[in-house]
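One line per chain: the protein sequences are A and B, in this order.
Heads up, the first sequence is in this note's numbering, so the first residue is 12 and it goes up one at a time.
Heads up, the second sequence is in this note's numbering, so the first residue is 110 and it goes up one at a time.
Some notes on the structure that comes next.
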Amino acid sequence: MTILKIFGFSLIFPFLTVSFGDKVEIGSVVPDFSLNDLNGKVVKLSDFKGKIVVLEWTNPNCPFVQRVYREKIMQSVQKEFTEKGVVWIIINSTNPKHRDYRDAKELEKIYKEWGAVYTAYLLDPDGKVGKLFDAKTTPHMFIISKDGKLIYNGAIDDDPRGEKKEKVNYVRNALNEILNGKPVSVQVSKPYGCSVKYAEN
Amino acid sequence: MKSLEFKILIILFSNLFAFPFFTLAQSLGEKIVNVELISDYDGVSDRFNLGVRFSIKPGWYIYWKNPGDAGLAPSVELNLPSSLKAGNILFPLPQKIDHENVISYGYFNEVVLIIPVEVTSRDKFKIENLVKAKVSWVVCSESCVPGRASVQLKVIKANNQWRSKIEKYAKMLPQPFEKSGLKIESLKVERKGKSDIVRVKFGGSLATKIVDFYPEQMDKFLIDFKSIKVKDGILEVSVTPTSQGDRVNFLSGVLVLNGKGYEVKLDLTKTN
C-alpha cells in the first residue's frame, strides 16, 4: 500500500521526481520551482500542471531583448499562444547588484509599455532557476509540454542580427506542432542575446 | 567604468524604450568603439591587406567570429571598387571571457580584422581606389550596446603606423595546424544522452602545452563551451545536434598553445 501511494504520488506530481540540482535536459521532466512575481506573490511551475508552458528569459537593458520587443516579435507570439491556452512565463534572473537590475515596479512599467502579454513575470535574483535551466542569454526560450517535459530549448528565432526578411520563429513553430499533436521538429537551437547577468557565486 | 559614463548609461537606458531602437543605444555604441579602415598597401604590390580597426574603450569588449554563449560577432559589409577583389575576413586569436555560467570569446582595447585584397586591374586601381564598409558590432562590459558605422578609405601608400598595426594583428592570426608540430593520435566520438562527446588525443612534443580550444560555430550543432577541457594533450568537448538523430561529423576551431592559435579541422567520420 505504501509503495502504491508513493508511485501514485509520482504520477500526479511529475514535476517533483527530479532533483533540483540537476540541469534540465530535453525530454526530461522539469523540476518544480517557485519564484515571486512582480507583485510579490509566490508562483510555482506546478500551478500550471497539465498546460503547455513557455519560459522566456529576459533583461530589458539588453539590446537583443529591446529589438525583439521593438519589432513586436515576442509580443506577437505571446499574444497568439496565450489566447490558445499556453502559459507564458517571463523570468528575470538579473543580479540585484548589476547595473541592468530594475525593480518590480520599473519592470512592470517597461513591459506594459512594450505591450508584453504574459501569464506571470517572475523574479529570480539569485539565479537559481536560471542556472537550473542553464539559461545563457536574454532572450532564451524554453517550452515545457503538458506532461511536464522540456521539449524546446533555444532562440526565439533564427535571426540574431535582426536582418532577415523571412525569419524562422522556432517558438511559434514548436507551439503550433505541439497544439497540432505533432512532435517538435526543432527541439534545440542556439540561443542568442546578451549573457544572463547572474549573481556571482 | 567611470562614474559619469555609468550615469549617462543609466539615463539613456531608462529612456531607451521610448526612442527608436538604434538611435540612443547605437550612438552610445559608437562612443565606446571607434572603427576605421586602414591598409598596409605599399604603393606598388598587387596584394595587400585591408584592416578594420576597432578601438575599444577600456573595460569593454567586442566578439570573435564565434562569440560563444552570448553576444554577436562584428559584421563587415565591404563595398570594393571593381579594381579590387577581397578574400575572407580573418579574425586574430581572441581572449576567452568567462562570466559565471556564460563563456564568450572576444577582444578588449583594440583589434584589427584583416582582409586580404588583390588588385585585379592596375589601370582601374589608379582611378578607382575608394573602399567603403558598413560595420556593425555589439560591445559589452557589464551591459551590452550595439553600434554601427560606415567607414571608407582611399587606398594610397599606407603610413608606418597602419603597416605596424596590420603586421601586429596578422601575427595573431591562427596558423595552419601543420605549423603547430602536433599530430592527431586518436579521435573518438561517444554518445552521452542526446550529446556527442568528442575526444581528441594530440601527439608531438608540444601536445601537453595545449591550453585551450576555441571552436568555430557549427550550423546544426550546439557546442557546450563550458564542457571544453584540454589536459595532457587530450581535448574533450560536448556537442549537441539541433536535429534528433543527427551525429556530429565535423569539428573545427583553434588550438591555443604558447600564446598562439593553430587551426584544426577534425573529420569525425574517421574516428578510431
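All C-beta atoms in this analysis are idealised placements derived from N, C-alpha and C, irrespective of residue type, glycine included.
Every value quoted in this text rests on a predicted model; they were computed, and no experiment measured them.
What does the Cβ neighbour count give for residue i, buried or exposed, with the cut at 16 atoms within 10 Å?
i             : result
residue 202/A : buried
residue 150/A : buried
residue 359/B : exposed
residue 70/B  : Nothing about residue 70/B can be reported from this structure: the residues present for chain B run from 110 to 381 only.
residue 252/B : buried
residue 194/A : exposed
residue 162/A : buried
residue 86/B  : Outside the shown range of chain B, which is 110 to 381, sits residue 86/B, and nothing can be said about it.
residue 132/B : Interpretation of residue 132/B is limited by its pLDDT of 47, a score under 50 that renders its predicted location unreliable; the figure taken from the coordinates is listed afterwards. Label assigned to residue 132/B: exposed.
residue 289/B : buried
residue 147/A : buried
residue 198/A : buried
residue 366/B : buried
residue 361/B : exposed
residue 337/B : buried
residue 378/B : exposed
residue 331/B : buried
residue 77/A  : buried
residue 146/B : buried
residue 148/B : buried
Please determine, among the options, the residue with the shortest C-alpha to C-alpha distance to residue i.
i             : options                       : result
residue 110/A : 139/A, 138/A, 129/A and 71/A  : 71/A
residue 144/A : 164/A, 177/A, 133/A and 205/A : 164/A
residue 218/B : 331/B, 329/B and 144/B        : 144/B
residue 59/A  : 87/A, 199/A, 161/A and 97/A   : 97/A
residue 245/B : 163/B, 351/B, 199/B and 357/B : 163/B
residue 79/A  : 209/A, 205/A, 210/A and 212/A : 205/A
residue 212/B : 197/B, 238/B and 175/B        : 175/B
residue 181/A : 159/A, 49/A, 154/A and 138/A  : 154/A
residue 114/A : 192/A, 35/A and 135/A         : 135/A
residue 230/B : 193/B, 256/B, 276/B and 177/B : 193/B
residue 83/A  : 126/A, 152/A and 179/A        : 126/A
residue 50/A  : 192/A, 185/A and 118/A        : 118/A
residue 69/A  : 168/A, 90/A and 133/A         : 133/A
residue 291/B : 140/B, 303/B, 374/B and 307/B : 374/B
residue 152/B : 264/B, 197/B and 188/B        : 264/B
residue 349/B : 254/B, 334/B and 317/B        : 334/B
residue 307/B : 172/B, 376/B and 178/B        : 376/B
residue 276/A : 46/A, 53/A, 47/A and 65/A     : No answer is possible for residue 276/A: the residues shown for chain A start at 12 and end at 212.
residue 130/A : 35/A, 67/A, 192/A and 142/A   : 67/A
residue 316/B : 371/B, 247/B, 178/B and 172/B : 371/B
Comparing the CB of residue i with every heavy atom of the ligand ATP, is any distance shorter than 8 Å?
i             : result
residue 295/B : The ligand content of the structure shown is nil, which means the ligand ATP is not present either.
Hey, is residue i's beta-carbon within less than 9 Å of any beta-carbon in chain E?
i            : result
residue 74/A : No chain E appears in this structure, whose protein chains are A and B.
For the segment 204-222 of chain B, enumerate the residues whose C-beta is nearer than 8 Å to any C-beta of chain A, in chain order.
208, 209, 210, 211 and 213
So does the segment 155-172 of chain B actually touch the segment 287-297 of chain B, counting three or more Cβ pairs closer than 8 Å?
no
Interfacial residues, the segment 143-156 of chain A to chain B, with Cβ spacing under 9 Å:
145, 146, 147, 148 and 149
Okay, do the segment 267-286 of chain B and the segment 97-117 of chain A touch, 3+ Cβ pairs below 8 Å being the bar?
no
Taking beta-carbon pairs under 9 Å, can you tell me which members of the segment 196-209 of chain A lie near chain B?
Listed in sequence order: 196, 197, 198, 199, 200, 201, 202, 203, 204, 205, 206, 207, 208 and 209.
Would you check if there are 3 or more beta carbon pairs closer than 8 Å linking the segment 198-208 of chain B to the segment 232-245 of chain B?
Inter-segment contact for the segment 198-208 of chain B and the segment 232-245 of chain B is absent: fewer than three beta-carbon pairs are separated by less than 8 Å.
Give a yes or no on contact between the segment 154-173 of chain A and the segment 192-204 of chain B, applying the rule of three or more CB pairs nearer than 8 Å.
At 8 Å Cβ cutoff, the stretches do not touch.
Contained alpha helix (DSSP H) runs [length at least 4] in the segment 185-223 of chain B, N- to C-terminal order
none
Using Cβ-Cβ distances below 8 Å, what residues of the segment 288-308 of chain B are close to chain A?
302 and 303
Using a Cβ cut-off of 7 Å, which residues of the segment 82-115 of chain A contact any Cβ in chain B, in chain order?
109, 110 and 111
What residues in the segment 342-366 of chain B have a beta carbon less than 8 Å from any beta carbon of chain A?
349, 350, 351, 352 and 353
Ignoring anything shorter than 4 residues, give me the alpha helix (DSSP H) runs that lie fully in the segment 219-251 of chain B, in order along the chain.
231-236
Going residue by residue through the segment 55-123 of chain A, where are the continuous beta strand (DSSP E) segments of at least 3 residues, counting only ones entirely within it?
64-68 and 98-103
Would you check if there are 3 or more beta carbon pairs closer than 8 Å linking the segment 219-228 of chain B to the segment 151-163 of chain B?
yes
Using a Cβ-Cβ cut-off of less than 8 Å, give me the residues of the segment 173-205 of chain B that come near chain A, in sequence order.
Correct list: 178, 179, 180, 181 and 184.
Beta carbons nearer than 8 Å to chain A: which residues of the segment 240-255 of chain B have them?
245, 247, 249, 251, 252, 253, 254 and 255
Short of 8 Å Cβ to Cβ, which residues in the segment 35-56 of chain A face chain B?
36, 37 and 38
Going along the segment 159-176 of chain A in order, which residues come within less than 7 Å of chain B, judged by CB to CB distance?
171 and 172
Counting only runs that start and end within the segment 258-298 of chain B, where is the alpha helix (DSSP H) found for 4 or more residues in a row?
Runs found: 269-279.
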